[in-house]
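S.K.: In our numbering, the protein residues as written are 50 to 457. C-beta atoms are modelled at their ideal positions from N, C-alpha and C, and glycine is treated no differently. On a predicted model such as this, the values are computed, not experimentally measured, just so you know.
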Amino acid sequence: MTSVLITNARVLDVHGGEYLEGTNILIADDSIAEIGGGEIKALPESIVIDAKGRTVLPGLIDGHVHVTASTADMSALAEWSPTYVAARAGHILRDMLHRGFTTVRDMGGADHGLADAVREGYFPGPRLLFGGKALSQTGGHGDMRHPSRIVTDDHPCRAGVGVVCDGADEVRKAAREQLRTGAHHIKLMLSGGVASPTDRVDSTQLSLDEIRAAVEEAEAANRYVAGHAYTARAINRALLCGVRSIEHGNLLDETSIELFKQQGAFYVPTLVTYRALAEEGPRHGLPEGSHRKVSDVLEHGLRALELAHRGGVEIVFGSDLLGGMHPHQSEEFSIRAAVQPTIDVIRSATSVAARLVGLQGRIGEITPGACADILMVEGDPLNDIAVLARPDKHLKLVMKAGRIMHQS
Ligand code: ZN
Ligand code: ZN
């Protein structure tokens with residue numbers, strides 16, 4: 050057995066929203082064994098880390114990433130060698146871990162091979178909850194063909210974020226293909242988006258029977274569906290079909306808020322990516338046609354977050370960055386803090402995100418029995434969100450499943 054004792058920590062209880070001062074945490078193998086005061090003692094084999102009163106909080110969860118998207122040109126990505134894509138994904142994963150993210154939910158592109166590479170330690174990175182390829186209709190947000198390209202190449206080894214399928218039977222088969230590889234969720238493209246070359250942001254995508262087929266398959270496997278959607282029209286039909294998480298949702302309205310609560314669904318805004326795409330997208334491969342679409346959604350994102358927060362919707366942290374814009378990941382914290390209290394922003398990246406992925410009690414909290422995903426930071430994140438938004442300045446230690454992965 051391996052064991053670590055962290056002493057004299059100021060532990061953030063994300064449920065109560067308060068600090069537990071002078072706390073000791075005993076870690077045995079990959080889990081937290083005990084938490085308390087001075088009565089919690091080191092085992093003979095324990096490594097002891099003196100936190101010196103610094104803040105300790107659960108490892109962060111990013112609910113919307115694309116770890117294989119090392120360019121913002123998604124059509125080009127689909128032409129790259131999958132081994133080259135994997136090598137670059139290794140660096141994206143490592144950097145996410147070094148920013149304090151110990152679990153990420155991939156929303157299109159990552160597969161079981163990448164998740165295995167992380168779990169077995171070949172790539173240092175966050176626990177990778179993957180869904181395989183995102184399911185898209187012809188001409189939808191996962192169809193990265195330019196208008197003049199006729200043939201589709203949906204070979205499963207092809208890099209890229211999506212697979213094209215039309216009709217309930219093809220959607221069902223594609224969902225089963227992802228589930229067959231151990232997918233944690235099924236991702237559906239349910240409206241147009243920014244990075245796709247031929248669709249409109251205000252379109253709806255996939256028919257109701259196609260969406261229901263995917264939801265049925267996911268639920269049969271005790272998994273769930275996440276849906277990319279922008280407008281209230283696209284969001285509401287997804288929620289009514291049983292989609293568990295809505296990604297982006299920038300153009301939601303009051304009718305959507307009611308449906309979120311009625312269905313017990315989660316909202317995953319991804320605000321930082323629009324700012325990054327607007328400012329630096331073209332530099333990182335975003336085609337001009339996509340860059341023009343950013344303004345359709347950029348302005349509405351904060352208002353959607355505010356509506357959802359006031360309406361009591363379960364909100365999860367997401368960043369959705371592409372290519373060379375990944376280093377902006379933690380800035381999502383400060384963008385949201387303009388609308389939500391800091392504790393709610395922190396919960397979105399810990400306890401609420403854990404509920405979305407069905408790992409409550411295991412990740413996103415520091416309690417006995419939870420996975421030992423632990424960060425140590427300099428500063429007071431409850432009163433200063435910059436502590437999380439600037440990990441380069443504040444993050445001192447990252448532990449994932451009881452192992453120290455990064456120190457500075
Ligand atoms: Zn999306
Ligand atoms: Zn995305």
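Using 8 Å for Cβ pairs, my map puts Leu444 next to Ile453. What's the rounded Cβ distance?
M.R.: That pair is no contact at about 13 Å.
S.K.: If you draw a straight line from the C-alpha of Leu239 to the C-alpha of Leu146, how long is it?
M.R.: Cα-Cα distance, rounded: 30 Å.
S.K.: Give the DSSP bridge partners of Asp215, in chain order.
M.R.: Its beta-bridge partners do not exist; DSSP assigns none.
S.K.: With a threshold of 16 other CB atoms inside 10 Å of the CB of Pro173, please say whether the residue is buried or exposed.
M.R.: Buried.
S.K.: From Thr201 to Ala125, what distance separates their C-alpha atoms?
M.R.: About 14 Å.
S.K.: Is it a yes or a no for the region 227-245 touching the region 186-197, going by three-plus beta-carbon pairs under 8 Å?
M.R.: Touching, per the Cβ criterion.
S.K.: Which stretch, first to last residue, makes up the beta strand (DSSP E) that contains Phe315?
M.R.: Where Phe315 is concerned, the enclosing beta strand (DSSP E) stretches over 315-317.
S.K.: Would you tell me roughly how many angstroms separate the C-alpha atoms of Ser339 and Arg286, rounded to the nearest one?
M.R.: Near 25 Å, if we compare the C-alpha coordinates of Arg286 and Ser339.
S.K.: Our contact map puts Leu232 next to Val210 with C-beta atoms below 8 Å; I'd like the distance itself, whole angstroms only.
M.R.: Just to set this straight, residue 232 is Ala in the shown sequence, not Leu. In fact, because the Cβ distance is near 14 Å, the residues do not count as touching under 8 Å.
S.K.: Quick one: does the C-beta of Gly242 sit closer than 6 Å to a heavy atom of ligand 1?
M.R.: Yes.
S.K.: What would DSSP say about Asn432, mapped onto helix, strand or coil?
M.R.: Correct three-state label for Asn432: coil.
S.K.: Buried or exposed: which applies to Ser185, given that a residue is buried once 16 or more other Cβ atoms fall within 10 Å of its Cβ?
M.R.: Classification of Ser185: buried, given that the 10 Å Cβ count is 16 or more.
S.K.: Under 7 Å, CB to any heavy atom of ligand 2. Which residues pass, going along the chain?
M.R.: Residues flagged by the Cβ proximity filter: His113, His115, Met156, Gly157, His277, Glu296, Thr319, Asp369.
S.K.: Identify whether Val97 lies in helix, strand or coil by the three-state DSSP scheme.
M.R.: Strand.
S.K.: Does the distance from the CB of Ala262 to the CB of Arg221 come in under 7 Å?
M.R.: Yes, the pair counts as a contact, with Cβ atoms nearer than the cut-off.
S.K.: In whole angstroms, what is the alpha-carbon distance linking Ile81 and Arg225?
M.R.: For Ile81 and Arg225, the distance between alpha carbons rounds to 35 Å.
S.K.: So, using beta-carbon positions, are Ala164 and Met425 closer together than 7 Å?
M.R.: No, these two residues do not count as a Cβ contact at 7 Å.
S.K.: Throw me the rounded Cβ distance for the Gln378 and Asp111 pair, which I believe falls under 8 Å.
M.R.: That belief holds up - the Cβ atoms of Gln378 and Asp111 are roughly 7 Å apart, short of 8 Å.
S.K.: Which residue or residues does DSSP assign as beta-bridge partners of His68?
M.R.: The sequence shown places Tyr at residue 68, rather than the His named in the question. Partner(s): Leu61.
S.K.: By Cβ distance below 6 Å, which residues in the same chain neighbour Ala398 in space, the five residues on each side in sequence not counted?
M.R.: Within the same chain, Ala398 has close Cβ partners Leu109, Ile110, Phe366.
S.K.: Which same chain residues, not among the five before or five after Val213, have their C-beta less than 8 Å away from its C-beta?
M.R.: Closer than 8 Å at Cβ, skipping near neighbours: Ser185, Gln186, Thr187, Gly189, Gly191, Asp192, Thr201, Asp203.
S.K.: Counting only runs that start and end within the region 293-371, where is the beta strand (DSSP E) found for 3 or more residues in a row?
M.R.: Runs of the beta strand (DSSP E) inside the region 293-371: 294-300, 315-317.
S.K.: Report the option in Glu328, Glu128, Thr117, Gln311 whose CA atom is closest to the CA atom of Arg154.
M.R.: When only C-alpha atoms are compared, the closest one is Thr117.
S.K.: What did DSSP end up calling Gln456 once you bin it into helix, strand or coil?
M.R.: Strand.
S.K.: Taking the DSSP output, what are the residues bridged to Gln409?
M.R.: In DSSP, Gln409 forms a bridge with Ile412.
S.K.: Where Ser457 and Val436 are concerned, what is the direct C-alpha to C-alpha distance, given to the nearest angstrom?
M.R.: C-alpha separation (whole angstroms): 14 Å.
S.K.: What residue from Ala353, Phe315, Ile384 has the CA that sits closest to Thr322's CA?
M.R.: When only C-alpha atoms are compared, the closest one is Ile384.
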